[in-house]
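Here is the structure:
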């Protein structure tokens, strides 16, 4: 079959360009409709959440039981692809040197952070852990939040007994009052927390753990 | 609230692109049919015919955009007309749309086979009319069966096909204009092949075929996310995209130098590209044949455009099947049609009676369209009675008639709703309005709607003048429908020419709330309160 010669004319080229540009521009404009109030609220919430959970630190200490909040933190981190860190702070009293051996507390730190690592690995989230010894738990948490540029601190609560009217622990109040980032505090209800309880129950000590113990 | 009392709500799953694709798979397929028909009728003035119909189409599009964004319900045109002009006119508009949907099923199934015939000549309607007839019949029956048993193509598939087609058509036109467009050839064809007034009117009446289907977007309004914001965008984008394509194709067909030598016509004469695309043998697959003639890109286009076109046409045919059952359901819900059209089959959970009834009409239309090709005696009768219109043109006539009738009422309804329902917030409004006061309310009188009404009535008149079949079959369809409507309303003890009682204020609040347009709902409620306060103040 014979092919005729190809002829490019200026009007033809201009029209071709106009067709492509007009079609593309029309579709781009269509795909960006004006936002409604509901859209704006949703967008702000999403952006806030993104900002909130860009880098998460879960705080543990003898005074702060965050086991049930770890499961929530892992779910948040997975959904938002956040950096997740678990920190255990051991408060060293002024009566002891800063590098004093505190076997019971260190053992508790290993348990708490080990469990945190297991929860994170089960859902495929990378977790970094750190044990810190400090004179003041609250100051140590605030410092590490600053160092890591944390956007949210997550921690459980400590109360004398399960009396709902009791104030939160002093350390938690100090962190909440002075943190430059958002603080998410999980307060157990009257009947305990369902958050992550099953996870921790399922975890239990493994045979390997028992051997180590 | 007990579960059995809880009203199920329709999930809003149609996204911005989904809404566009919904309309595009209907309107976008039209150019595959319309181009050849218009070239055959309007010859060197095909671009002018498309321009005239395109201007009217822009007005129609703007009207539908305003109405669908203001009243995001599933009924589409018939709902707007029933609300603006009353039940009787709502029925006529809906009945005309139903004619279009049944034609849609037949016409697009027919041209789907035509496009496949580009690659498989055994399916050619001229060479093998019985094969073509049975294939088209099989497609319609197959679509009816699939819809009865509840199988539908996925909306994602529809979206992908629409996206591919937009890209493909942009490439065909882009390469066509870049490598083969000769402005002097365009001018030459317009001067030497300018049609008679009759031919131009014929072309304009068929050109509107390329723009029918905006109804689809408004029908999907109830399922669209944020309809008041999204529908204006998707409708305007659809209007512009289709307009660009239609005008570009018609100018390219007149001004393009073909890449391959064209075959001689039946009398052994050389023919221009528009003549080749517009003759009875090729007018059902003009876009595929034009794409083949685009330099360089045509080699690839020759392989995939017939397939892509056939898929798009099949989707469009399918949209006619479920569109007709949806609109019949909506009309039945509004007491414009008997409740049988609302009946859902217990086994398949689909409106089986509705689907089979309208697919049955589609098959009757197919027989009428195919008869002259199948039987020489029938051809002689058609030649005598209908000036020898071919099958595709017959279907195109009725398509244009149904659309023009329905759109005419939509324009009047829009004007009526502007005057009598000024309190409903309009996130999109047709431009060029005259401010006036009606019954104590400030209203905007839409000049573009008047222009559009004049345009579409002209097209309706052109259709009646130039097409004997359109002149007979179209009004006959309406008369049969009106008789059925009158009998039904009388039997049910409903007002025949007047409307049933409606609490439009309450209904509008529910429509906007169900649409998730809470800001508009607040605005509407505030408008109503302010209006009532004003009137109470005046009364006091």
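Chains as they are written, first to last, in the numbering used here: chain L, 10 to 222; chain B, 18 to 557.
All C-beta atoms, glycine included, are put in the ideal place defined by N, C-alpha and C.
Does residue i pass the burial test, meaning 16 or more other C-beta atoms within 10 Å, or should it be called exposed?
i	result
residue 527/B	exposed
residue 215/B	exposed
residue 107/L	exposed
residue 138/B	exposed
residue 308/L	Nothing about residue 308/L can be reported from this structure: the residues present for chain L run from 10 to 222 only.
residue 520/B	exposed
residue 173/L	Bear in mind that a pLDDT of 48 at residue 173/L, under 50, signals an unreliable position, so the number given afterwards is only what the model happens to contain. Result: exposed.
residue 186/B	buried
residue 356/B	exposed
residue 56/L	exposed
residue 159/L	buried
residue 138/L	buried
residue 343/B	buried
residue 71/B	buried
residue 453/B	exposed
residue 152/L	exposed
residue 310/B	buried
residue 38/L	exposed
Ordered along the chain, which non-local residues of its own chain (more than five positions away) have a Cβ less than 7 Å from that of residue i?
i	result
residue 529/B	537, 538 and 541
residue 482/B	218
residue 188/B	314
residue 435/B	460, 461, 462 and 463
What is the DSSP secondary structure of residue i, counted as helix, strand or coil?
i	result
residue 463/B	strand
residue 114/L	helix
residue 354/B	coil
residue 407/B	coil
residue 70/L	strand
residue 173/L	Caution is warranted here: a pLDDT of 48 is assigned to residue 173/L, below 50, making its placement in the model unreliable, and the coordinate value is therefore given only provisionally. Residue 173/L: coil per DSSP, three-state reduction.
residue 143/L	strand
residue 162/L	strand
residue 367/B	coil
residue 290/B	helix
residue 106/L	coil
residue 514/B	coil
residue 313/B	coil
residue 32/B	coil
residue 119/B	helix
residue 198/B	strand
residue 82/B	helix
residue 127/L	helix
residue 16/L	coil
residue 45/L	coil
residue 143/B	coil
residue 552/B	helix
Only counting the same chain, and skipping five residues up and downstream in sequence, which positions put a Cβ closer than 6 Å to that of residue i?
i	result
residue 502/B	108
residue 131/B	301 and 302
residue 231/B	78 and 81
residue 293/B	279
residue 305/B	132, 135, 322, 323 and 326
residue 179/B	38, 41 and 42
residue 122/L	95, 97 and 138
residue 87/B	441 and 443
residue 424/B	77 and 473
With a cut-off of 8 Å on the beta carbons, I'd call residue i and residue j a contact; round off their distance for me.
i	j	result
residue 196/B	residue 15/L	5 Å
residue 308/B	residue 133/B	At roughly 15 Å, the Cβ-Cβ gap does not stay under 8 Å, so residue 308/B and residue 133/B are not in contact.
residue 66/B	residue 55/B	5 Å
residue 31/B	residue 241/B	4 Å
residue 378/B	residue 119/B	4 Å
residue 114/L	residue 71/L	6 Å
residue 272/B	residue 359/B	Incorrect: roughly 51 Å between the Cβ atoms, too far for contact.
residue 295/B	residue 57/B	3 Å
Please return the same chain residues whose Cβ sits closer than 8 Å to the Cβ of residue i, not counting the five positions on each side in sequence.
i	result
residue 154/L	66, 162, 188, 189 and 190
residue 250/B	33
Across which residues does DSSP place residue i in a beta bridge pair?
i	result
residue 274/B	Paired residue(s): none; residue 274/B is not in a bridge.
residue 92/L	64/L
residue 193/L	163/L
residue 458/B	455/B
residue 450/B	463/B
residue 136/L	93/L
residue 98/L	141/L
For residue i, which residues in chain D fall below 9 Å Cβ to Cβ?
i	result
residue 46/L	Note that chain D does not occur in the displayed structure, where the protein chains are L and B.
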